[in-house]
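Residue numbers (full-length UniProt numbering): 1 to 298.
Beta carbons: idealized from backbone N, C-alpha and C, even for Gly.
A quick note: this is a predicted structure, and the numbers were derived from the prediction, not measured.
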Amino acid sequence: MKWQRTVQDYQHYLKIERGLSGNSIANYTLDVEKLILFLSDNKLTADPININKEVIQRFVYEIAKKVNPRSQARIISGLKSFFNYLVFEDYREDNPMELIESPKTGRKLPDTLSVEEIDTLIKAIDLSSPQGERNRAMLETLYGCGLRVSELTNLKLSDLYFDEEFIKVTGKGDKQRFVPISPINRKYINIYRNEIRLHLTIQKGHEDILFLNRRGKQLTRAMIFTIIKQLAENIGLQKNISPHTFRHSFATHLLTNGADLRAIQQMLGHESITTTEVYMHVDRSHLAEVMNQFHPRK
């Protein structure tokens, strides 16, 4: 069995059987490709069927020297999934990753921005250019709705339900959810839509995409990263931020101001409440305030 064909079958399984998004499939594929590259660099001829635990252990030892524990754990998890698929399809009888332990990484607290830092970033946008109005609407939507960057780039005109004060978001595994959108957020999207986007020459196939580049095509994830990094540099922000920082800030600020964790879970589109609980790292004084306000024995 050749690696290329096996990886293609695995991608098909992830898409059809597990319903994963394109980004998730790409990440799982990258984990397997790292193993394939290791075999090639070391002139090892093992294929997906006969690769053994000793070769896997050598690979894990090599990546441990090159990447941090969190990345190492991610690769190990991805490969366990790949070999579990081979066992499931009866290509192998065992999973060579079975006894490989992931490094202890602890639970990383998400980076956040204060409300003042977010305001400063948005105020630093150059509104004299058409891209400025678009960028302001995008950042307001990232923060105001707690979106993932892929959810932002895939947002469509037909997903905007402004009369009902919601937007429809397509998240991981093509699962859809409705997220409330504030009046100020709707205002900036409408400015961009009516004053900027309306005058673009929109490319075929991109007619329903909300946020477009100057050539009338859907923005890439990398472009969103670049826009945010440039703004952070312009205001001298020392934090290492990304589009996901706005999502973390959205959840943290909601929790700090007393929002219910279950409601935050639904707005973020988390499958499990455990994922949302990472935001419980907020100032413990907030928890004391909640106790004093709501406990009957105060």
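- In the DSSP assignment, T170 falls outside any alpha helix (DSSP H) and lies within the beta strand (DSSP E) extending over F166 to T170.
- Under DSSP, P180 takes part in a beta bridge, and its partners are F166.
- D9: member of the alpha helix (DSSP H) spanning W3 to I16, first to last residue.
- It is roughly 12 Å from the alpha-carbon of N27 to the alpha-carbon of F82.
- By the neighbour-count definition (other C-beta atoms within 10 Å, threshold 16), I167 is a buried residue.
- In the three-state DSSP reduction, I196 falls in the coil class, being neither helix nor strand.
- Sorting L20, L14 and L99 by C-alpha distance to the C-alpha of V60 places L99 at the top.
- In the DSSP assignment, K156 forms a beta bridge with I209.
- Just so you know, the alpha carbons of P180 and N190 end up roughly 16 Å apart.
- Assignment of Y188 by DSSP, reduced to helix, strand and coil, places it in the helix class.
- Here R134 is near I196, since their CB atoms are less than 9 Å apart.
- Going by beta carbons, T29 and Y13 fall outside the 9 Å limit.
- Membership of R262 in the alpha helix (DSSP H) is indicated by the continuous run L261 to L268.
- Nearest neighbour of K53 by Cα position, chosen from A73, M97 and N68, turns out to be M97.
- Secondary structure of Q131 (DSSP, three-state): helix.
- The residue from D94, P69, G205 and E62 with its alpha-carbon nearest to that of P48 is D94.
- Note that the C-beta distance between S150 and R221 is below 9 Å.
- If you check the CB distance, E117 and L237 come in under 9 Å.
- Counting only the Cα atoms, R5 lies some 19 Å from R18.
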